[in-house]
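What follows is a set of notes on a single structure, which appears directly below.
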DNA sequence: ATGGTAGGTTGCCTA
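Residue numbers (my numbering): -2 to 263.
Given below as structure tokens:
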């Protein structure tokens, strides 16, 4: 195993996006793909055409809303569905597995709009639950990659118009603080680690108002890496091609590449 | 102030 690529993509309905997804998997060939917003139950997940491309699948589905999956060319082990910390939470927004020597999670963080609502409170609680889980994962031996739609714009330069987003749940100080708390644990924003000065590096453009053509986007899809994983970080690329195609998701994939682990000193 | 787009639903909810 020379290198390992990990992608995250909010597909906004796997049924509506199956053609686009298969096309992209064939051309980009990521080793691991973390998907969000499946909007389908486990039984309806299109396992067969994805397996034909060489992927194992771990799915945590839900009718109509949410739904996350992990695809991997390597075996998937110790699959865990749901984020601990709130027993009554029935939303399918988190799945975790061990594959290719990594602990990976596919994350669909709550949107949280409108600010001040129960939805916003749920988002902030969810961020705190994720912080607790992310801290636990640092205690294990395997390197960790937490990828997904975080629904958080980390900084002003991650947004085409910060003023327009000032009162949105994706850009509120509480949301950004929750995201930074993950970094303060010791995780690294893989894209930002390799592209510290880059602007207009967006992963989402609204369907409305020709936002993609005007490049009015935001960066809300992230892959966070633990220190042993970021040690191996070689590349982080936002692939805009899928966003420009017919029947596109409103998000586009982010792909990071890790080099092979450095051999231990004998 | 409003409505613009997309997806899942079947009268709206979510983004």
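The C-beta atom is built at its ideal place from N, Cα and C for all residues, glycine as well.
Worksheet item: Can you give the beta carbon distance from residue 255 to residue 230, rounded, assuming they're within the 8 angstroms contact cut?
Response: 6 angstroms
Worksheet entry | Length of the line joining the Cα atoms of residue 91 and residue 48 | 21 angstroms
Worksheet item: Do residue 161 and residue 253 have their C-beta atoms within less than 8 angstroms of each other?
Response: no
Discussion item. Here's a check: name, in chain order, each residue in its chain whose Cβ is nearer than 7 angstroms to the Cβ of residue 131, leaving out the five neighbours to either side.
Written reply: 143, 179, 182 and 184
Discussion item. Restricting to runs no shorter than 4 residues, where is the alpha helix (DSSP H) found entirely within the stretch 56 to 131?
Written reply: none
Item to complete: Please report how far the alpha carbon of residue 235 lies from the alpha carbon of residue 11, in whole angstroms.
Response: 20 angstroms
Worksheet item: So, are the CB atoms of residue 150 and residue 124 less than 8 angstroms apart?
Response: no
Worksheet item: Among residues of its own chain, excluding the 5 on either side of residue 3, which ones have a beta-carbon nearer than 6 angstroms to its beta-carbon?
Response: 29, 142 and 253
Worksheet item: So, residue 59 versus residue 38, is the Cβ gap smaller than 8 angstroms?
Response: yes
Worksheet item: Are residue 145 and residue 31 close, meaning C-beta to C-beta below 8 angstroms?
Response: yes
Discussion item. Taking the alpha helix (DSSP H) that residue 205 belongs to, which residues open and close that run?
Written reply: Residue 205 -> no alpha helix (DSSP H), and no H or E assigned at all.
Item to complete: In angstroms with no decimal places, state the Cα-to-Cα distance between residue 7 and residue 67.
Response: 12 angstroms
Worksheet item: Taking Cβ to Cβ, would you say residue 94 is nearer than 8 angstroms to residue 73?
Response: yes
Worksheet item: Which two residues bound the contiguous alpha helix (DSSP H) that contains residue 18?
Response: 11 to 25
Item to complete: Tell me whether residue 190 sits in a helix, a strand or coil according to DSSP, three-state version.
Response: helix
Practice prompt. Can you tell me which of 96, 23 and 170 puts its alpha carbon nearest to the alpha carbon of residue 269?
Written response: Residue coverage of the chain in this structure runs from -2 to 263, which leaves residue 269 outside it and unanswerable.
Discussion item. Contact defined as beta carbons within less than 8 angstroms: I believe residue 241 pairs with residue 209. What is the distance between those atoms, to the nearest angstrom?
Written reply: 7 angstroms
Discussion item. Please state the DSSP three-state secondary structure of residue 44.
Written reply: helix
Worksheet item: How would you label residue 51, buried or exposed, when you count the other beta carbons within 10 angstroms and need 16 or more for buried?
Response: exposed
Discussion item. Measuring alpha carbon to alpha carbon, tell me which residue in 223, 120 and 118 is nearest residue 137.
Written reply: 223
Item to complete: Identify every residue that forms a DSSP beta bridge with residue 155.
Response: In the DSSP output, where bridge partners are listed per residue, residue 155 has none listed.
Worksheet item: Who are the Cβ neighbours of residue 212 in its own chain at under 8 angstroms, not counting the five residues just before and after it?
Response: 157, 197, 199 and 202
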